[in-house]
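Working notes, beginning with the structure itself.
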Amino acid sequence: MKSEYALRGFLPKADPLTAFPCGSPYAPLDEIGRDLPSLLYDKGFRSYARGLRLPPWQTRVSVETLPLLRLYYVRIGFLASAYVNQVGEEPVETLPGNIAAPLIDVAQRLRRPPILSYDGYALYNWKRFRKDGPIALGNIDTIQNFVHMYDERWFILVHVEIESIAAEILAAIANVKRKLAQDANADLNRELWRIEGAVRRQVETLKRIPEHMDPKLYYKTFRPYIRFFDGVAYEGADTAPMQFRGETGAQSSIMPMLVAFMKIAHRRSILTDHLDDMRAYMPAEHRTLIKEVAALPDIGAPAYREVFNAILDAMASFRRVHYGWAEDYINRRTDDPRGTGGTPYMRWLQQLLTETEARRL
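So this note's numbering is basically just the index in the sequence shown, starting at one, shifted up by 7.
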């Protein structure tokens with residue numbers, strides 16, 4: 008496992024870029040991004056967007072230029088989802104070529120589907136006020152938004168803190184792997200309790216959602232922008248109209264990684280097919296890490312019963328809180344059973360919770 012995972016979890020190893028360098032050919036995207044929440048109040052936004060001359064990506068992709076590429080993806084991805092799902096207007100079925108072409112190109116370079124996903128909405132979309140301070144609520148803000156309200160920022164930033172805490176989990180798993188490589192009978196209690204403690208901290212962070220996020224505002228103002236694309240034609244692309252999952256927490260790598268580590272068996276169903284599909288929306292290096300963790304030995308032994316069950320209980324608590332927010336913020340406000348990812352989320356969230364609890368020793 009790479010060392011940066013133990014420092015940042017699934018967040019980038021360096022803070023995301025907040026803007027392109029002065030004089031960069033991509034700099035015009037920053038102004039468009041900053042103006043986007045205001046532009047979306049205008050019924051003429053789509054006409055404006057069709058007239059934009061967006062700079063194509065022209066830089067060789069390397070470790071040094073990857074932060075630029077990610078910011079480019081954030082700016083283009085937000086613009087595309089804003090165009091398709093503009094609040095107050097009917098969703099459209101065609102993404103114009105001036106937006107579709109750069110979105111397809113950047114998605115191919117990042118090895119992912121061409122739509123704004125959890126990585127662009129959260130993992131690459133934050134900055135710190137105090138650079139020497141923690142990646143935590145109170146010291147972080149977003150780079151790009153769909154709306155001016157702080158509710159959307161809070162929604163994103165809660166997820167960023169949860170991702171930051173995951174560094175503790177990944178550091179512990181890295182130690183488990185190292186210890187087992189040296190001694191198959193090594194004592195793993197310290198590492199496992201560290202995982203349990205980190206998941207508990209994530210639960211407490213998730214519980215903070217209502218502090219600055221009104222359920223009515225969430226459902227009506229910015230949730231529509233992160234919905235799935237259903238039969239959207241990408242103008243200029245030699246493909247039929249496409250369907251892509253919208254931004255959703257199911258595209259975070261944290262729970263899939265924990266499920267792989269704890270060897271939780273989810274019954275094969277449309278749900279598990281969906282979860283497998285969600286991995287395509289994760290950064291490619293995260294998918295590789297999940298496979299690496301899945302290959303570790305099963306630590307569900309009687310010697311670890313107490314801590315093993317404690318981790319499962321913490322994971323179940325996280326899923327239970329998530330289920331509650333899905334009920335309060337979405338389900339009671341619509342008859343549509345599909346979440347932003349396009350799935351019957353309430354039924355599936357309950358199944359995930361039940362099967363997590365069933366793994367107890």
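Note that the Cβ used here is the ideal one computed from N, Cα and C, for glycine as well. Remember, predicted model here, so these are calculated numbers, not experimental data.
### Message
Rounded to the nearest angstrom, what separates R82 and G40 at their Cα positions?
### Response
Locating residue 82 in the sequence shown gives position 75, where the first residue counts as 1. Locating residue 40 in the sequence shown gives position 33, where the first residue counts as 1. Computed Cα separation, rounded: 6 angstroms.
### Message
Rounded to the nearest angstrom, what separates Y33 and R77 at their Cα positions?
### Response
Locating residue 33 in the sequence shown gives position 26, counting from the first residue. Locating residue 77 in the sequence shown gives position 70, counting from the first residue. So the alpha carbons of these two residues sit roughly 12 angstroms apart.
### Query
Thinking C-beta only, is K134 closer than 8 angstroms to I122?
The residue labelled residue 122 in the question sits at position 115 within the sequence shown. The residue labelled residue 134 in the question sits at position 127 within the sequence shown. Taking 8 angstroms as the Cβ cut-off, I122 and K134 do not qualify as a contacting pair.
### Query
From the DSSP output, which residues share a beta bridge with F236?
As a working mapping, residue 236 is identified with position 229 in the sequence shown. DSSP output for F236 lists F251 as bridge partner(s).
### Message
Using 8 angstroms as the threshold, is the C-beta distance between Y79 and L46 below it?
### Response
For the purposes of this step, residue 79 is taken as residue 72 along the sequence shown, with counting starting at 1. For the purposes of this step, residue 46 is taken as residue 39 along the sequence shown, with counting starting at 1. No; because the gap between Cβ atoms is not below 8 angstroms, this pair is not in contact.
#### Entry: Which listed residue (F153, D245, T295) has its alpha carbon closest to that of Y225
The count along the sequence shown starts at 1 and reaches residue 225 at position 218. If we check each option's Cα against that of Y225, F153 comes out closest.
### Query
DSSP three-state call for I111: helix, strand or coil?
One-based indexing of the sequence shown puts residue 111 at position 104. In this structure, I111 counts as helix in the three-state DSSP scheme.
### Message
Assess contact between the segment 312-332 and the segment 285-292, defined as three or more Cβ pairs (one per stretch) separated by less than 8 angstroms. Is contact present?
### Response
no
### Message
Using C-beta distances below 6 angstroms, list every residue in its chain close to F229, excluding the 5 sequence neighbours before and after it, in chain order.
### Response
The residue given as residue 229 occupies position 222 in the sequence shown. So the list reads F153, V154, E159, once near-sequence residues are dropped.
### Option in L282, A240, R60, F17 with minimal Cα separation from E38
Position 31 of the sequence shown, counted from the start, is the residue given in the question as residue 38. Ranking L282, A240, R60, F17 by Cα distance to E38 puts R60 first.
#### Entry: Local conformation of K50 per DSSP, three classes
As a first step, residue 50 is located in the sequence shown; it is residue number 43 there, counting from the start. Residue state, collapsed to three classes: coil.
### Query
Bridge partners of T101, per DSSP?
Numbered from its first residue, the sequence shown carries residue 101 at position 94. A240.
### Query
Beta-carbon separation of G96 and K50 under 8 angstroms?
Against the sequence shown, residue 96 aligns to sequence position 89. Against the sequence shown, residue 50 aligns to sequence position 43. A small fix is needed here, since residue 96 is Glu in this sequence, not Gly. Cβ distance < 8 angstroms, so E96 and K50 count as in contact.
### Task
Just mark Y131 as buried or exposed, buried being the case when its beta carbon has 16 or more other beta carbons within 10 Å.
Counting from 1 along the sequence shown, the entry for residue 131 is found at position 124. Its Cβ being crowded by 16 or more others within 10 Å, Y131 is buried.
### Message
DSSP has R135 in a bridge; who is on the other side?
### Response
Here residue 135 is taken as the residue at index 128 of the sequence shown, counted from 1. In the DSSP output, where bridge partners are listed per residue, R135 has I147.
### Query
Is it true that the CB of R234 sits closer than 8 angstroms to the CB of N105?
In the sequence shown, residue 105 corresponds to position 98, counting from 1. In the sequence shown, residue 234 corresponds to position 227, counting from 1. Contact: no.
### Spatially closest choice to Y128 from F251, G256, R57, F27, by CA coordinates
Taking the first residue of the sequence shown as 1, we reach residue 128 at position 121. When each option's Cα is compared against that of Y128, the closest is G256.
### Query
Taking the alpha-carbon positions, what's the K9 to A308 distance?
For the purposes of this step, residue 9 is taken as the residue at position 2 of the sequence shown. For the purposes of this step, residue 308 is taken as the residue at position 301 of the sequence shown. Distance between the alpha carbons of K9 and A308 is about 27 angstroms.
### Query
On the three-state DSSP scale, how would you describe E71?
On the sequence shown, residue 71 is found 64 positions in, with the first residue counted as 1. Looking at E71 - three-state DSSP - the assignment turns out to be coil, as it is neither helix nor strand.
### Message
Restricting to Cα atoms, I'd like to know which of M262, R252, A178, P222 is closest to Q209.
### Response
The count along the sequence shown starts at 1 and reaches residue 209 at position 202. Of the listed residues, the one whose Cα sits closest to Q209 is M262.
### Query
Taking C-alpha atoms, which residue in V167, Y232, D335 lies nearest to T212?
Translated into the one-based positions of the sequence shown, residue 212 becomes position 205. Answer by Cα proximity: V167.
### Query
Measuring CB to CB, does L375 end up less than 8 angstroms from A13?
The requested residue 375 does not occur in the structure, where the chain is confined to residues 8 to 368.
### Query
F27 by DSSP, collapsed to three states: which one?
Translated into the one-based positions of the sequence shown, residue 27 becomes position 20. Note: F27 maps to coil in three-state DSSP.
### Query
With respect to the alpha helix (DSSP H) encompassing T295, which residues constitute its N-terminal and C-terminal limits?
Locating residue 295 in the sequence shown gives position 288, where the first residue counts as 1. Segment 291-301, the alpha helix (DSSP H) holding T295.
### Query
Hey, out of E218, E334, R294, whose CA is closest to L164's CA?
For the purposes of this step, residue 164 is identified with residue 157 of the sequence shown, where counting begins at 1. Residue E218 is the option with its Cα nearest to L164.
### Message
I'd like the list of long-range same chain contacts for H273, defined as Cβ closer than 6 angstroms, with 5 residues on each side in sequence excluded.
### Response
Locating residue 273 in the sequence shown gives position 266, counting from the first residue. Taken in chain order, the residues that qualify are T279, E362.
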